[in-house]
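Numbering (my numbering), first residue to last: 9 to 378.
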């Protein structure tokens with residue numbers, strides 16, 4: 009048996025690139041700058057202050073290519089200091105744990121885990137362990153664990169029970185600020201997009217509304233199909249036969265938005281998905297979760313017991329954030345493709361070895377220069 013590789017990957021590392029980040033360029037490194045808003049300093053979801061990301065990448069032998077990615081809206085006790093949140097779905101062929109309570113209450117009380125389809129239950133268990141262990145939660149008896157998933161069985165033996173609860177918990181323990189590793193890491197280790205290697209991608213935008221500056225960040229787990237468009241130009245590949253699949257989009261912002269307007273914001277991310285040429289097919293699971301990190305909006309124990317007054321941007325003011333979500337989602341998806349590398353694994357559906365090629369950076373450069 010080949011040795012097991014179990015990477016614990018925080019967003020931040022001492023080198024210029026985050027731990028386990030490939031040396032492949034991001035989209036902007038090859039001259040493509042989608043949209044017109046400025047990015048944050050890192051062009052990542054961690055440009056939204058307080059947001060941390062952790063990856064756990066699990067590679068073992070010839071058959072295991074999977075992992076988990078953790079998203080934490082702030083570094084405190086999320087169960088006690090909940091954040092406003094909302095959920096949107098375009099095509100619902102998937103499993104998104106915790107979505108109905110978010111829809112009902114408009115708040116997020118745990119970190120978010122992304123992983124593979126059959127690891128959803130183990131991810132819930134990892135979140136429960138994390139939440140119950142936090143000081144102040146000694147009397148907690150119900151937790152709305154939030155888990156998004158895509159099916160990585162094209163490259164991973166998804167039936168093998170990986171990642172384990174321990175491996176998923178590592179993503180939570182290892183979460184940090186700073187640059188975010190992209191491509192075939194964490195929950196993106198075994199994913200496939202447009203018939204090519206997909207993975208984790210991120211991007212951010214900075215907008216000014218009524219004299220105030222706000223940041224919006226996106227993180228995606230790309231595992232879907234269609235006919236890839238880059239800057240509106242078709243990227244021609246034999247792999248474009250693939251149309252089914254799924255994507256999870258996480259939208260973070262420091263703008264003061266109500267859960268109602270966060271739902272509208274989450275839905276706008278599908279505009280960025282469409283820009284990439286997504287097929288949005290019958291077998292596609294297209295999900296978006298948005299939350300605000302504004303401390304004034306946190307649902308603290310005291311605020312939950314009283315009539316609370318929460319500031320929020322008006323409906324008329326938030327259109328720039330909608331446009332920013334479209335731009336950043338498109339770029340995050342393309343970053344997930346650019347960072348990913350050709351991967352050989354195991355197709356659990358056929359029981360045979362499987363190789364998925366990465367997108368050609370040279371072909372992208374040629375396309376964008378045309």
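Even for Gly, the Cβ is constructed at its ideal location relative to N, Cα and C.
Can you list, in chain order, the residues of its chain whose CB lies under 8 Å from that of residue i, leaving out five sequence neighbours each side?
{"i": "residue 301", "result": "56, 57, 58, 59, 81, 82, 91, 260, 261 and 262"}
{"i": "residue 140", "result": "148 and 151"}
{"i": "residue 221", "result": "214 and 215"}
What's the call for residue i, buried or exposed, on a 16-neighbour Cβ count within 10 Å?
{"i": "residue 323", "result": "exposed"}
{"i": "residue 120", "result": "buried"}
{"i": "residue 117", "result": "buried"}
{"i": "residue 316", "result": "exposed"}
{"i": "residue 205", "result": "buried"}
{"i": "residue 144", "result": "exposed"}
{"i": "residue 327", "result": "exposed"}
{"i": "residue 115", "result": "buried"}
{"i": "residue 112", "result": "exposed"}
{"i": "residue 371", "result": "exposed"}
If you measure between the beta carbons of residue i and residue j, is that distance less than 8 Å?
{"i": "residue 193", "j": "residue 364", "result": "no"}
{"i": "residue 101", "j": "residue 290", "result": "yes"}
{"i": "residue 292", "j": "residue 254", "result": "yes"}
{"i": "residue 343", "j": "residue 190", "result": "yes"}
{"i": "residue 231", "j": "residue 356", "result": "no"}
{"i": "residue 62", "j": "residue 224", "result": "no"}
{"i": "residue 299", "j": "residue 270", "result": "yes"}
{"i": "residue 217", "j": "residue 325", "result": "yes"}
{"i": "residue 227", "j": "residue 79", "result": "yes"}
{"i": "residue 214", "j": "residue 39", "result": "no"}
{"i": "residue 257", "j": "residue 318", "result": "no"}
{"i": "residue 153", "j": "residue 274", "result": "no"}
{"i": "residue 345", "j": "residue 98", "result": "no"}
{"i": "residue 198", "j": "residue 160", "result": "yes"}
{"i": "residue 73", "j": "residue 349", "result": "no"}
{"i": "residue 196", "j": "residue 207", "result": "yes"}
{"i": "residue 67", "j": "residue 134", "result": "no"}
Given residue i, which residues of its chain have a CB within under 7 Å of its CB, disregarding the five upstream and five downstream residues?
{"i": "residue 359", "result": "none"}
{"i": "residue 339", "result": "35, 42 and 211"}
{"i": "residue 375", "result": "238, 241 and 243"}
Residues in the same chain with beta-carbon distance under 6 Å from residue i, minus the five sequence neighbours each way, listed in chain order, please.
{"i": "residue 330", "result": "276"}
{"i": "residue 6", "result": "With the chain covering only 9 through 378, there is no way to say anything about residue 6."}
{"i": "residue 51", "result": "211 and 212"}
{"i": "residue 347", "result": "30, 32, 190 and 191"}
Worksheet item: Would you say the region 276 to 291 touches the region 306 to 324, given that touching needs at least three Cβ pairs under 8 Å?
Response: no
Worksheet item: Counting Cβ pairs closer than 8 Å, one from the region 162 to 172 and one from the region 112 to 125, do we hit at least three?
Response: yes
Discussion item. As an exercise, report each continuous alpha helix (DSSP H) stretch of at least 4 residues that is fully enclosed by the region 97 to 170, in chain order.
Written reply: 107 to 113 and 128 to 140
Practice prompt. Output the residue ranges of the beta strand (DSSP E) runs that lie fully inside the region 278 to 330 and measure 3 residues or longer, sorted by chain position.
Written response: 292 to 300
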